[in-house]
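This report refers to the structure that appears directly beneath it.
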Amino acid sequence: MTSLPVYRWRLAPDGLATRRQLRAAGLRPGGQDVAAQVERPRRRSGPLVAFLYRLDLAKPVRPMTPAKHAALARANDARRRCPACGRDAGYVIPASLGMCVPCHDTPASSPPDLLQESS
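If you count the sequence shown from 1, position 9 lands on 174 in our numbering, and the numbers rise without skipping.
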């Protein structure tokens, strides 16, 4: 097993790119192995590591099919639909709230008075 070449942040040679850089160029790794890694030092913990892939072996990104496009639209719609009122909120509902902001901010019905005066 050979070890990967390690480059310092911003000092990787031309012809290598991270996954994000490949995607921005309309490419994907295409099943190739990691060619190298780049490390960005941090003060309080270990370095950040990004894997690098060869540009000459990268393949074009597969086009979005109609079925994938429809599935993505349904998933995004589900993230926008409030489970409490069923309406499209117009934004992605925060997971911390679990419902749209108007439903979250509406006060719940107050519990009945347990202390009733007897006459």
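Note that CB positions come from ideal geometry on N, CA and C, so glycine has one too.
Here the alpha carbons of A190 and A254 stand approximately 34 Å from one another. Going by C-alpha positions, A201 is about 35 Å away from A240. For Q202, the uninterrupted beta strand (DSSP E) segment begins and ends at 201-205.
Secondary structure at V214: strand, using DSSP grouped into helix, strand and coil. One Cα belongs to L169, the other to A249, and the distance between them is close to 51 Å.
Residue state for R219 is assigned as strand, using DSSP reduced to three classes.
In the three-state reduction of the DSSP assignment, V171 falls in the strand class, which pools E and B.
Proximity to W174 across R205, M229, A236 peaks at R205, based on C-alpha coordinates. Per the DSSP secondary-structure output, K224 pairs in a beta bridge with R193.
Unbroken alpha helix (DSSP H) stretches of 4 residues or longer found wholly inside the region 225-253: 231-245, given in chain order.
The C-beta distance from L213 to A182 rounds to 16 Å, too long to meet the 8 Å contact threshold.
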